[in-house]
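What follows is a set of notes on a single structure, which appears directly below.
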Amino acid sequence: MTRRTSSIAIIAGAALLACTATASAERLVVSLSTHRVVIASNFAGADLTLFGAIEQDAASVGRAGGGHNVVVTIIGPRQTTVTWRKDRVFGLWVNASSRTFVDVPSYLAVLSNRPLSAIASADSRQHLRLGLQDYPLAQRRGGKVVTSKFDDPYRQAFVQLKTEQQLFHEQANAVTFITPMLFRASIPLPANVAVGVYEVEARLFADGVVVARENTAFEIVKSGAAQFIAEAARDHSLLYGFAAMLLAFFTGWLGSVVFRRD
Amino acid sequence: MPVNMFLIFGIGLAVGFLSGMFGIGGGFLLTPMLIFLGIPPVVAVATVSTHISASMFSGSVAYWRRKALDPALAAMLIGGGILGTFGGVWLISVLRSIGQIDLVLGIAYFSLLGIVGGLMVVESARAITRSRQGGPADLRRPGSHAWFHGLPFKVRFKQSRIYVSVIPIWVLGFITGLLGAMMGVGGGFMLVPALIYLFRVPTSVVIGTAMMIQLVTMSMATVMHAFTNHSVDVVLALLLMVGGVTGAQFGARAGQRIRSEQLRLLLGLLVLLVGLRFALVLVIEPANLYSLQISEAGP
Chain Z
110 MTRRTSSIAI IAGAALLACT ATASAERLVV SLSTHRVVIA SNFAGADLTL FGAIEQDAAS
170 VGRAGGGHNV VVTIIGPRQT TVTWRKDRVF GLWVNASSRT FVDVPSYLAV LSNRPLSAIA
230 SADSRQHLRL GLQDYPLAQR RGGKVVTSKF DDPYRQAFVQ LKTEQQLFHE QANAVTFITP
290 MLFRASIPLP ANVAVGVYEV EARLFADGVV VARENTAFEI VKSGAAQFIA EAARDHSLLY
350 GFAAMLLAFF TGWLGSVVFR RD
Chain R
6 MPVNMFLIFG IGLAVGFLSG MFGIGGGFLL TPMLIFLGIP PVVAVATVST HISASMFSGS
66 VAYWRRKALD PALAAMLIGG GILGTFGGVW LISVLRSIGQ IDLVLGIAYF SLLGIVGGLM
126 VVESARAITR SRQGGPADLR RPGSHAWFHG LPFKVRFKQS RIYVSVIPIW VLGFITGLLG
186 AMMGVGGGFM LVPALIYLFR VPTSVVIGTA MMIQLVTMSM ATVMHAFTNH SVDVVLALLL
246 MVGGVTGAQF GARAGQRIRS EQLRLLLGLL VLLVGLRFAL VLVIEPANLY SLQISEAGP
């Protein structure tokens with residue numbers, strides 16, 4: 110599945126390059142240290158490593174040595190999240206107004222080898238949806254879904270809170286060039302990541318434009334027992350409730366037997 | 006939700022110890038502790054219901070063996086209790102959807118803990134001064150007829166040797182169920198004094214009867230919270246239950262040996278502090294006015 114997606118991406122990338130006159134024939138190859146992260150009950154976060162290589166042909170060789178920049182964007186499973194704003198009502202701080210962000214990434218990381226402003230111009234950053242600032246986040250406004258403006262206070266608060274939870278992440282030194290043609294990026298996953306498919310897109314920039322891109326993905330799953338409990342709680346909630354009740358009775362009964370005094 | 010398992014177990018143990026020592030359910034301490042730890046209030050309330058079910062089952066078994074409970078009175082209270090539990094679980098899901106769960110729980114906890122803590126402090130302070138003056142520390146007030154003894158639908162409860170209208174009994178059951186399901190408390194702190202002082206139920210059957218009621222309302226709350234709000238966390242509940250049941254045994258033993266008035270005073274002050282913490286959160290301007298709430302997982 111992952112391999113098929115990436116080969117499609119390569120074909121698409123090649124097609125894109127073929128029809129752009131100025132394009133040089135760089136190619137990007139990336140590989141993740143793992144495609145499956147298992148969350149057990151003691152999961153305290155993890156770091157994934159992405160390795161990438163830049164392949165060049167005669168047309169682009171002249172650019173070698175410092176001309177390349179890499180931006181890796183990781184997008185986690187989507188969630189609908191409400192951002193509440195507190196206001197003072199009768200002397201109490203109360204959730205007074207809210208905006209609903211629809212199908213926004215639960216996790217978003219933008220990793221690069223230098224600040225994004227040094228890689229691409231403001232216009233192209235916006236066009237390429239590069240970085241947390243320019244990533245589109247949809248809001249529900251009275252029945253319609255619209256992309257929130259960059260300076261919307263709810264959007265800013267959303268991004269800030271997600272960043273505090275380490276679920277949104279922009280790091281300008283996370284991509285390290287080992288050799289001019291070989292790079293490595295470290296993907297930090299905090300303990301509170303959501304389960305699901307995480308899409309990874311690596312983009313190679315030269316002179317402020319994307320010259321190659323490559324996609325891959327990894328999956329975060331819960332371990333056997335945790336997965337079983339989570340699924341039961343969601344899909345068989347009534348049975349799950351009765352099971353929890355019986356577990357309580359059993360624990361209570363066990364306690365009364367073990368510590369029986371009369 | 007990443008929280009330290011040993012910390013949760015330790016909290017279960019500590020609250021269990023206190024509950025064994027003072028004969029309280031401990032929900033009104035446990036639920037706030039979990040909320041302060043950062044566990045979402047909806048999950049804390051639901052999961053503590055499971056925990057209380059376990060400790061009430063444990064206690065009910067012991068009282069059932071000694072026949073120290075009144076099944077007829079319990080059944081009547083449970084009737085109102087189940088209705089109240091339905092109401093409480095429904096309220097929680099409504100409050101969650103309109104984002105006011107923190108506010109309502111904060112006010113409810115502040116009021117509840119303020120009253121319970123205040124009464125404990127006053128009552129234990131009085132007991133301390135009485136024992137200093139040489140009188141007996143424990144005094145019972147004489148009986149009197151209250152206004153609700155005039156209500157219709159009177160029923161005789163043989164084991165409790167009382168003859169009262171079923172209306173106030175259903176109301177008491179309803180309030181217990183409602184507050185229990187909404188706040189993650191058993192309601193013993195309210196049931197026991199009400200049964201003793203208002204309905205004049207003999208102390209020999211009060212504790213067992215109250216435990217029986219809480220057992221039913223809290224296990225109903227567990228099932229309904231799991232069904233309606235998907236908010237019961239069994240792993241968290243199991244840690245709390247094992248800690249709580251164990252702690253309660255040691256607490257009960259310790260409670261028999263030490264003088265209780267001073268400890269009750271301390272517990273009352275602790276309860277007041279926890280209540281104050283809820284009030285402060287509402288009154289002091291938060292560092293960040295914004296907060297996030299995940300409403301649904303995406304496609």
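Just so you know, the protein sequences line up as chains Z and R, in that order.
Residue numbers for the first sequence, in this note's numbering: 110 to 371.
Residue numbers for the second sequence, in this note's numbering: 6 to 304.
Yeah, the Cβ is synthetic: ideal placement off N, Cα and C, and Gly gets one too.
Note that this is a predicted model, so its numbers are computed, not measured.
Within a 10 Å sphere around the beta-carbon of Val-48 of chain R sit 16 or more other beta-carbons, which makes this residue buried. Taking 8 Å as the cut-off, the beta carbon of Met-217 of chain R is found no closer than this to the beta carbon of Ser-60 of chain R. Phe-62 of chain R places its beta carbon 8 Å or farther from that of Phe-351 of chain Z. In the three-state scheme derived from DSSP, where H, G and I count as helix and E and B as strand, Pro-214 of chain Z is classed as strand.
About 6 Å separates the CB atoms of Ala-326 of chain Z and Val-309 of chain Z; that is less than 8 Å, so the two are in contact.
Not one beta carbon of chain R lies nearer than 8 Å to the beta carbon of Leu-137 of chain Z. Among the residues facing chain R, Lys-258 of chain Z is not included, as its CB has no counterpart in that chain under 8 Å away. Against Tyr-216 of chain Z, chain R offers no close residue; the least beta-carbon distance is about 12 Å (beta-carbon pairs closer than 8 Å). Judged by DSSP secondary structure, His-278 of chain Z falls within the beta strand (DSSP E) whose first and last residues are 277–280. Residue environment analysis places Met-354 of chain Z among the buried positions, since at least 16 neighbouring C-beta atoms fall within 10 angstroms of its C-beta.
By the neighbour-count criterion, in which a residue is buried when 16 or more other Cβ atoms sit within 10 angstroms of its Cβ, Phe-162 of chain R is buried. Boundaries cannot be given for Lys-258 of chain Z, as no alpha helix (DSSP H) includes it and DSSP labels it neither H nor E. Every unbroken stretch of the beta strand (DSSP E) spanning 3 or more residues and falling wholly within the stretch 302–345 of chain Z is given here in chain order: 305–315, 318–331. Note: Leu-157 of chain Z is bridge-paired with Z:Ile-296 in the DSSP secondary-structure output. The closest CA to that of Gly-240 of chain Z, considering only Z:Ser-207, Z:Phe-277, Z:Val-213, Z:Ala-247, is found on Z:Phe-277. Every alpha helix (DSSP H) stretch that sits fully inside the stretch 154–216 of chain R and reaches 4 residues is listed by chain position as 171–188, 193–198. A direct Cα-Cα distance of roughly 27 Å separates Leu-237 of chain Z from Leu-297 of chain R. Against chain R, the CB of Leu-291 of chain Z has no partner CB under 8 Å away; the residue lies outside that interface. Around the beta carbon of Asp-75 of chain R, a 10 Å sphere encloses 16 or more other beta carbons of the protein chains shown; the residue is thus reported as buried. According to DSSP, Lys-195 of chain Z shares a beta bridge with Z:Asn-204.
Around Met-246 of chain R, the beta-carbon contacts reaching into chain Z at under 7 Å are Ala-357, Thr-360. Annotation: Pro-214 of chain Z to Val-190 of chain R spans about 36 Å, alpha carbon to alpha carbon. Beta-bridge partners assigned by DSSP to Leu-297 of chain R: Z:Thr-192.
Take Ser-257 of chain Z, set aside five residues on each side of it, and the residues of its chain with a beta-carbon closer than 6 Å to its own are Leu-246, Gln-248, Arg-264, in chain order. Here His-144 of chain Z carries a coil assignment [DSSP, helix/strand/coil]. Under the three-state reduction of DSSP output, Arg-238 of chain Z falls in the coil class, being neither helix nor strand. Around Ser-142 of chain Z, the same chain offers Leu-157, Thr-158, Leu-159, Phe-160 as residues with beta carbons nearer than 8 Å, after the five sequence neighbours per side are excluded. Under the 8 Å criterion on CB atoms, Lys-195 of chain Z is classed as interfacial with respect to chain R.
Sorting Z:Val-367, Z:Phe-368, Z:Thr-360 by C-alpha distance to the C-alpha of Ile-57 of chain R places Z:Thr-360 at the top. For Ser-60 of chain R, a Cβ of chain Z is located within less than 8 Å of the residue's own Cβ. For Val-66 of chain R, the nearest CB of chain Z lies under 8 Å from its own CB, placing it at the interface with that chain. As computed with DSSP, Asn-178 of chain Z is found in a beta bridge with Z:Phe-314. Under the 8 Å criterion on CB atoms, Tyr-349 of chain Z is classed as interfacial with respect to chain R.
Look at the stretch 195–211 of chain Z: the residues with a C-beta under 8 Å from a C-beta of chain R are Lys-195, Asp-196, Arg-197, Gly-200, Leu-201, Trp-202, Val-203, Asn-204, Ser-207, Thr-209. Contact with chain Z is found for Ile-299 of chain R, since one of that chain's Cβ atoms lies less than 8 Å from the residue's Cβ.
The beta carbon of Phe-314 of chain Z sits closer than 8 Å to those of His-177, Asn-178, Val-179, Val-180, Ile-228, Ala-229, Val-320, all from its chain and outside the five residues before and after it, given in chain order.
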